[in-house]
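Novice: Note that the protein sequences, when read in sequence, are chains D and Y.
In terms of my numbering, the first sequence opens at residue 651 and continues consecutively.
In terms of my numbering, the second sequence opens at residue -15 and continues consecutively.
Glycine included, each C-beta is placed from N, C-alpha and C at the ideal position.
Structure below; questions to follow.
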Amino acid sequence: MLGYTITQWLFGIISFLSIMFALMVVFTRNPINSVLYLVLTFFCIAAHYLLLNAQFLAVVHIAVYAGAIMVLFLFVIMLMNLNQDSEPQKTMASKLIAGIIGGLLLVVLVGALKGTEQIQLSQSGHSEIGLVKNLGRVLFHEYLFPFEIVSILLLSALVGAIMIGKKEIK
Amino acid sequence: MLEFIIYKSIICTIIFVVSLGIAAYSTWWERKFAGLLQDRWGPSRAGIWGLLQPLADGGKMLFKEEIIPNVSNKFLFVLAPALFIVTAIMAGVLIPWGPSVKIGETFYALQVSDINVGVIFLLGVTSIGVYGIMIGGWASNNKYSLLGAIRASAQMISYELAMGIALIALIITAGGTLSFSEIVAAQDKGVANIVWQPLGFIIFFICALAETNRAPFDLAECETELVGGYHTEYSAFKLGLFLFAEYINMFVSSAVMAGFYFGGYNFPFAHELYQAMGLQEGSWIISLIGFGAYFTKTLIFISVFMWIRWTIPRFRYDQLMNLGWKSLLPLSLLNLLITVVVEYFRGNINL
Chain D
651 MLGYTITQWL
661 FGIISFLSIM
671 FALMVVFTRN
681 PINSVLYLVL
691 TFFCIAAHYL
701 LLNAQFLAVV
711 HIAVYAGAIM
721 VLFLFVIMLM
731 NLNQDSEPQK
741 TMASKLIAGI
751 IGGLLLVVLV
761 GALKGTEQIQ
771 LSQSGHSEIG
781 LVKNLGRVLF
791 HEYLFPFEIV
801 SILLLSALVG
811 AIMIGKKEIK
Chain Y
-15 MLEFIIYKSI
-5 ICTIIFVVSL
5 GIAAYSTWWE
15 RKFAGLLQDR
25 WGPSRAGIWG
35 LLQPLADGGK
45 MLFKEEIIPN
55 VSNKFLFVLA
65 PALFIVTAIM
75 AGVLIPWGPS
85 VKIGETFYAL
95 QVSDINVGVI
105 FLLGVTSIGV
115 YGIMIGGWAS
125 NNKYSLLGAI
135 RASAQMISYE
145 LAMGIALIAL
155 IITAGGTLSF
165 SEIVAAQDKG
175 VANIVWQPLG
185 FIIFFICALA
195 ETNRAPFDLA
205 ECETELVGGY
215 HTEYSAFKLG
225 LFLFAEYINM
235 FVSSAVMAGF
245 YFGGYNFPFA
255 HELYQAMGLQ
265 EGSWIISLIG
275 FGAYFTKTLI
285 FISVFMWIRW
295 TIPRFRYDQL
305 MNLGWKSLLP
315 LSLLNLLITV
325 VVEYFRGNIN
335 L
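Shown next, in the form of structure tokens:
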């Protein structure tokens, strides 16, 4: 089909969808719709992981981001009951400043990514590195120490979150 | 390629139809079972033993007037029940219903998809199931619906943790595989996982009750406090879909428990029986017997779900949260610790 393989077609369609949903996150007025579009974006990114043969990452991405974190987002927004009427309207000046800052960020990103197509990518590892078996072997043999450090980091974040969430600290 | 597509379509269709059929007849069996426990007849007018009752209910749901509240977000309001039932059916693709059938030279697995991260896929699908309830509750623009939705999702998130940790212990026992069919197949050689995971099974079972919003954890639709919970504003077949999805969830989680902990299509002395009958591996009769064994276990679990519903009164909300966070989560961690020690001495873990 037009000289592309099925994988390339899928990549194109999923990329288009993920960018469109990501834009919709910003452009929709209603915060609930924003969150739901963000969930759809996460699903598209998970599909990208699948295309890269990283099934473990894809499923964990859905379980953690779409399944847990975004549900909490949805919780907070539903309880705060934000809608168009009660949302504070931004002044013209703050919109202008936000526009300028966003534009500058775009310039920086374009500048940083400009030369990337000239870099030759070396194919490191093999195509089945994303499968859970190989991933586990690499993670628990070669990168065991960083893995343990990350788990301590997560533990401290957990304790911190509980401390902040407590009403009174004895 | 064509052969593959035909085979998968047939499997998909069969599992889809069976899921829906079981869900429909679960409603009938739930009433019959309630009648049995409460010393009365249950449905008896529609057909013999009331067997046409689910059809009558379905017809009633279809022909009722459909009311969409004027103030709600209409698209999300319609989307929510569809989303809920889709996620309910999705987990069914993992279940290996029986030993593979050999037709010609190839083996055909009685499973829609053997995902190599099946257990995590299962957790992912259950966590996505929350969206149907939450979106439905919010889009109804009704305080009771919102409260019901928030209760349901808080409950599902809380119990997912203990469920996940119980599953980690199960994976260690099953030999470190995340694939559903391999977990079931591993119980063919040894004993069923329940022997090594009694505590894990109890935790998983309680969490499954909570995840499917069944009594005694059905606080999301607690009539005395919340009218109808998250589906208060729903009518006609949209309400039907919500109720239906609950039964599909129940069917799938029963099948998951039967597969994870009770050997799925394996049963004691299966090989001796097959040998006595003179059956070769891959024979369709073996598949049929295996499927029958799996299905019987699943139906028994569905009946246990109902038995619990008509036995134990509903929890209070703080009791529910205390049970989830203060009992089940530490217990599941303890179970994980015990499992690791036991498996180390059984020689399944080499350090």
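1) Determine whether the Cβ of D/M728 lies closer than 9 Å to any Cβ atom of chain A.
2) What is the DSSP secondary structure of Y/V62, counted as helix, strand or coil?
3) DSSP state of D/T655, grouped into three classes?
4) Flag D/V800 as yes if its beta-carbon sits less than 9 Å from any beta-carbon of chain Y, otherwise no.
5) From Y/L4, Y/I73, Y/V96 and Y/Y301, pick the residue whose C-alpha is nearest to that of Y/T39; which is it?
6) I'd like to know if D/K783 contacts chain Y, where contact means its C-beta is closer than 9 Å to some C-beta of that chain.
7) Where do the ends of the alpha helix (DSSP H) carrying Y/Y128 lie?
8) Do you know how far the Cα of D/L808 is from the Cα of Y/A340?
9) At what residues does the beta strand (DSSP E) containing D/F790 begin and finish?
10) On the CB-based measure, 16 or more other CB atoms within 10 Å of its CB, does D/G810 come out buried or exposed?
11) Do three or more CB pairs link the segment 49 to 66 of chain Y to the segment 112 to 126 of chain Y at distances below 8 Å?
12) Would you decide whether Y/N319 is buried or exposed? Buried here means 16 or more other CB atoms lie within 10 Å of its CB.
13) Are Y/Y128 and Y/G213 close, meaning C-beta to C-beta below 9 Å?
14) Quick one: any contact between the segment 268 to 284 of chain Y and the segment 179 to 186 of chain Y, if contact means 3 or more CB pairs under 8 Å?
15) Alpha carbon to alpha carbon, what distance is there between Y/R29 and D/F661?
16) With 9 Å as the threshold, decide whether the Cβ of Y/F(-12) is near any Cβ in chain D.
17) Considering only their Cβ atoms, is the gap separating Y/L107 from Y/V96 smaller than 9 Å?
18) Check whether the segment 222 to 237 of chain Y touches the segment 152 to 163 of chain Y, taking contact to mean three or more Cβ pairs, one atom from each stretch, closer than 8 Å.
19) Ends of the alpha helix (DSSP H) at Y/F188?
20) Write down every uninterrupted run of the alpha helix (DSSP H) in the segment 46 to 104 of chain Y whose length is 4 residues or greater and which is fully enclosed by it, in chain order.
21) Measure the alpha-carbon distance for D/I814 versus Y/L36 and round it to whole angstroms.
22) Are three or more beta carbon pairs between the segment 216 to 236 of chain Y and the segment -6 to 12 of chain Y nearer than 8 Å?
23) Residues of the segment 678 to 692 of chain D in Cβ contact with chain Y at a cutoff of 9 Å, in chain order, please.
24) Which value, in whole angstroms, describes the spacing of the CA atoms of Y/F289 and Y/E89?
25) Helix, strand or coil, according to DSSP, for Y/M261 in the structure here?
26) For the segment 210 to 221 of chain Y, which residues have a CB atom closer than 8 Å to at least one CB atom of chain D, in sequence order?
27) Give me the chain Y residues within the contact set of D/Q658, using Cβ-Cβ distance strictly less than 7 Å, ordered along the chain.
28) Between D/A716 and chain Y, is the shortest Cβ-Cβ distance under 9 Å, so that the two count as touching?
29) If the criterion is Cβ atoms closer than 9 Å, does the pair D/I712 and D/F725 meet it?
30) Under a Cβ-count criterion, where at least 16 other Cβ atoms within 10 Å of its own Cβ denotes burial, should Y/E207 be classed as buried or exposed?
31) Report the three-state DSSP secondary structure of Y/G43 (helix, strand or coil).
32) Compile a chain-ordered list of the residues in the segment 83 to 108 of chain Y whose CB is closer than 8 Å to at least one CB of chain D.
33) Is there a C-beta anywhere in chain Y that falls below 9 Å from the one on D/I712?
34) Going by the beta-carbon positions, is the gap between Y/V114 and Y/S142 smaller than 9 Å?
35) If you compare alpha carbons, which of Y/D41, Y/D23, Y/Q22 and Y/R24 is closest to Y/G31?
36) Quick one: measure Cβ to Cβ for D/Q658 and Y/N100, integer angstroms, because I've assumed they're closer than 8 Å.
Specialist: Let's see:
1) Checking the listed chains, one finds no chain A in this structure; the protein chains it contains are D and Y.
2) helix
3) coil
4) no
5) In the sequence as displayed, the identity of residue 39 of chain Y is Leu instead of Thr. Nearest option by C-alpha distance: Y/L4.
6) yes
7) K127 to T157
8) For chain Y, the structure presents residues -15 to 335; residue 340 of chain Y sits outside this window and is missing.
9) Segment: none, D/F790 is in no beta strand (DSSP E) and carries neither H nor E.
10) With fewer than 16 other Cβ atoms within 10 Å, it is exposed.
11) yes
12) buried
13) yes
14) no
15) 56 Å
16) no
17) No. Outside cutoff.
18) no
19) Note, Y/F188: alpha helix (DSSP H), P182 to E195.
20) 58 to 74
21) 56 Å
22) yes
23) N680, I682, N683, L686 and V689
24) 41 Å
25) coil
26) none
27) Ordered by position in chain Y, no residue passes the 7 Å Cβ test against D/Q658, which lies about 19 Å from the chain.
28) yes
29) no
30) exposed
31) Here Y/G43 sits in helix by DSSP.
32) I99, N100, V101, I104, F105, L107 and G108
33) Closer than 9 Å: yes.
34) no
35) Of Y/D41, Y/D23, Y/Q22 and Y/R24, the residue nearest in Cα terms is Y/D41.
36) Wrong, their Cβ atoms sit about 25 Å apart, outside the cutoff.
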